[in-house]
Amino acid sequence: MSGVVVGAVVLLAAVVATGVVVVLRRRSWPETPAFARPRPAHSPGGLTADPNAGFFTDRGFLFRKRHFFVGTGCPPTLVVDFPSLDVSQREQPVRIARQGIRVWWWFDGEFYREAAGLGTDDVVAWVRERDRRQRARQERARLLAAAEESLRKRDNG
């Protein structure tokens, strides 16, 4: 009979301890910045850069180091395997978080969000196309500046 009582006391202590851990973890969760408060997605859209997105580290329950991701419309999300994601994102897009239909990707040091259900290959294609357009705009601006300078020299000379 005393074995049953001891077992019940141990079980009760375990349940209480689990509840205490859950409460302490919730209280140690970081605040959600205003830009990160969830908001409805208007329509599925392509990939867009998220300038507010990033990681932060804090010390949580028992001072264990935790990594959180936060982005526009994405409250702090615990990232379990930050070091391996940091390495992977240099070669291929890594999905970091999901909030409703929105997904945040980390690729080549930048953060992107989308609501179109893109896959890894789609993200690479979107980013590469954006980079090509940006390079073309820069080249066009350089050519126009050189042409204007040439015309100025011709008119003044």
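Quick note: the sequence shown uses numbering that gives the first Met the number 0, first residue 0, plus one each step. Backbone N, C-alpha and C define an ideal beta-carbon position, used for all residues, glycine too.
Check for me: the alpha helix (DSSP H) holding Trp125 runs from which residue to which? 119-155
Indicate the three-state DSSP secondary structure (helix, strand or coil) for Gly53 in the structure shown. strand
Could you say which of Thr31, Arg139, Asp120 lies nearest to Thr71 if we only look at CA atoms? Thr31
Could you work out which residue in Leu84, Gly118, Glu113 is closest to Ile100 when comparing CA atoms only? Glu113
Helix, strand or coil for Val5 per DSSP? helix
For the pair the stretch 66-80 and the stretch 92-108, tell me if three or more CB-CB distances fall below 8 Å. yes
Once the 5 residues before and after Lys64 are set aside, which same chain residues still bring their CB inside 7 Å of it? Thr56, Arg58
Please state whether the Cβ-Cβ distance between Phe106 and Pro92 is less than 8 Å. yes
Can the beta-carbon of Phe68 be found closer than 8 Å to that of Trp28? no
Three-state secondary structure assigned by DSSP to Val79: coil
Does DSSP put Ala96 in a helix, in a strand, or in coil? strand
In the structure shown, what three-state DSSP assignment does Ala48 receive? strand
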